[in-house]
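> Residue numbers (the working numbering): 131 to 269.
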């Protein structure tokens, strides 16, 4: 793990998973634009906190959980559009408090790959990502 100021960067999958779970647990609400979310430990934590996700329309994301979900992605071939973001925003109080972003999809298979995630504990940065979430939610 690399730390500078209010930012932490993780490269080891076990550290990434622990950091994501720790931040979800410390939040009052969670909003995410994440291409694929299938890791059971992450989904379990998200069920314990009011969570809204925007995910890629894909059969792997068709799970039954108490999590509000919007699917994005349509078209075929050259016209295909994917929701390919990988970020999660946590609220503490009335404002976004942190954002996690990087290459890591919230899946078990991502734990076998070379991935990264950066967690930034900064309300202004988290707000920018939350604004993107809201924009996509309205589409």
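From the three backbone atoms N, C-alpha and C, an ideal C-beta is built for every residue, glycine too.
Just reading off the alpha helix (DSSP H) that residue 155 is part of, what are its end residues?
It spans 143–155 - the alpha helix (DSSP H) in which residue 155 sits, taken as one unbroken run.
> Are the beta-carbon atoms belonging to residue 162 and residue 186 less than 8 Å from one another?
No, these two residues do not count as a Cβ contact at 8 Å.
> In the DSSP assignment, what are the bridge partners of residue 173?
According to DSSP, which records beta bridges pairwise, residue 173 is partnered with nothing at all.
> If you run the structure through DSSP and keep just helix, strand and coil, what is residue 240?
In this structure, residue 240 counts as helix in the three-state DSSP scheme.
> Would you mind reading off the limits of the beta strand (DSSP E) that contains residue 182?
Unbroken beta strand (DSSP E) run through residue 182: 181–186.
> For the beta strand (DSSP E) containing residue 255, name the first residue and the last one.
Careful: residue 255 lies outside any beta strand (DSSP E), inside the alpha helix (DSSP H) at 253–267.
> Three-state secondary structure (DSSP) at residue 128?
Only positions 131 to 269 of the chain appear in this structure, which leaves residue 128 out of reach.
> Might you give, ordered along the chain, the residues of its own chain that have their beta carbon closer than 8 Å to the beta carbon of residue 308, omitting 5 neighbours on each side?
Beyond the ends of the chain as shown, which are 131 and 269, falls residue 308; an answer cannot be given.
> Output the boundary residues of the beta strand (DSSP E) element that contains residue 197.
First-last for residue 197: undefined, no H or E at that position.
> Within the region 207–233, note down every full beta strand (DSSP E) run reaching 3 residues or more, in order along the chain.
Runs of the beta strand (DSSP E) inside the region 207–233: 216–222, 225–232.
> So, helix, strand or coil for residue 162, using DSSP?
In the structure shown, residue 162 sits in a strand (DSSP, three-state: E or B).
> With DSSP run on the structure shown, which of helix, strand or coil describes residue 135?
Three-state result, residue 135: coil.
> Can the beta-carbon of residue 245 be found closer than 8 Å to that of residue 143?
For residue 245 and residue 143, yes; Cβs fall inside 8 Å.
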